[in-house]
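For reference, the structure discussed in these notes is given below.
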Amino acid sequence: MKKIGLYPGSFDPITFGHIDIIKRASKIVDKLFIGVPLINKKKTIFTITERVNLIKAVVNDFNPDLKKRIEVVSFGGLTTNYCKKISATVIFRGLRVASDFEYEFQLAGMNYKLNSNLETVFLMAEIQNQIISSNFVKEIASLKGDLVQFVPNVVIKALKKKF
Ligand code: ADP
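In our numbering, the protein residues as written are 580 to 742.
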């Protein structure tokens with residue numbers, strides 16, 4: 580049976596940190612959905628369509644074998660319900676700094692209560708990618724700083740249009 584996973588997130592915008600996690604997650608499952616929730620409690624600078632399209636542009640540069648196992652989607656409602664819908668049994672989340680832990684720990688626990696067929700798997704990016712966050716990327720972009728170490732070119736272009 581094919582193993583299906585979901586990597587949910589705001590991806591506002593997608594960074595090398597996210598890409599690192601996507602590549603690792605795709606080694607663990609046969610099919611990986613990258614899912615952007617339609618409703619986000621965080622205020623985003625990119626619209627849902629822009630965020631999905633940026634992820635799609637990034638995935639499009641992956642090698643063909645990897646590309647065909649990845650699907651970029653937006654979804655409404657509970658993450659756990661969406662997992663049921665796509666038959667995903669694994670949720671992937673990334674851990675960066677210790678401060679991520681508390682929130683992620685609770686989220687994983689609550690999701691497990693909502694659907695006990697679902698396991699959350701935490702992955703860590705390579706050291707140089709661990710420090711990257713979408714929030715700092717946006718701040719650097721607003722101050723016209725250099726972003727080449729943090730996000731792909733397509734994202735740099737999109738950020739330049741925003742700021
Ligand atoms: P959310 O709003 O759902 O936290 P994000 O886009 O901020 O969405 O992050 C999605 C997931 O990717 C989260 O699990 C986050 O911890 C993880 N993540 C983001 N950046 C990195 C990074 N640099 N290294 C590892 N994981 C990361």
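Beta carbons: idealized from backbone N, C-alpha and C, even for Gly.
Based on the DSSP output, what are the partners of L702 in its beta bridges? For the purposes of this step, residue 702 is taken as the residue at position 123 of the sequence shown. Beta-bridge pairing links L702 to G673.
Going by alpha carbons, who is nearest to R648 out of T594, F612, Q707? Position 69 of the sequence shown, counting from 1, holds the residue named residue 648. Nearest option by C-alpha distance: F612.
Using the C-alpha atoms, what's the distance from P587 back to A704? The residue labelled residue 704 in the question sits at position 125 within the sequence shown. The residue labelled residue 587 in the question sits at position 8 within the sequence shown. Near 16 Å, if we compare the C-alpha coordinates of P587 and A704.
Following the continuous beta strand (DSSP E) through S653, name the residue where it begins and the one where it ends. Position 74 of the sequence shown, counted from the start, is the residue given in the question as residue 653. Per DSSP, S653 belongs to the beta strand (DSSP E) from 649-654.
Less than 8 Å between the beta carbons of P592 and V669, yes or no? Numbered from 1 along the sequence shown, position 13 holds the residue referred to as residue 592. Numbered from 1 along the sequence shown, position 90 holds the residue referred to as residue 669. Not closer than 8 Å, so no.
Nearest-angstrom Cβ-Cβ length linking K741 and I624, presumed shorter than 8 Å: Working through the sequence shown from its first residue, we reach residue 741 at position 162. Working through the sequence shown from its first residue, we reach residue 624 at position 45. Sure, about 6 Å apart at Cβ, within 8 Å.
Is the beta carbon of V651 closer than 8 Å to that of I634? By one-based count along the sequence shown, residue 634 stands at place 55. By one-based count along the sequence shown, residue 651 stands at place 72. A contact, by the Cβ cut-off of 8 Å.
Distance check for C662 and T594, CA to CA, integer angstroms please. Here residue 594 is taken as the residue at index 15 of the sequence shown, counted from 1. Here residue 662 is taken as the residue at index 83 of the sequence shown, counted from 1. Cα to Cα, the separation comes out at about 24 Å.
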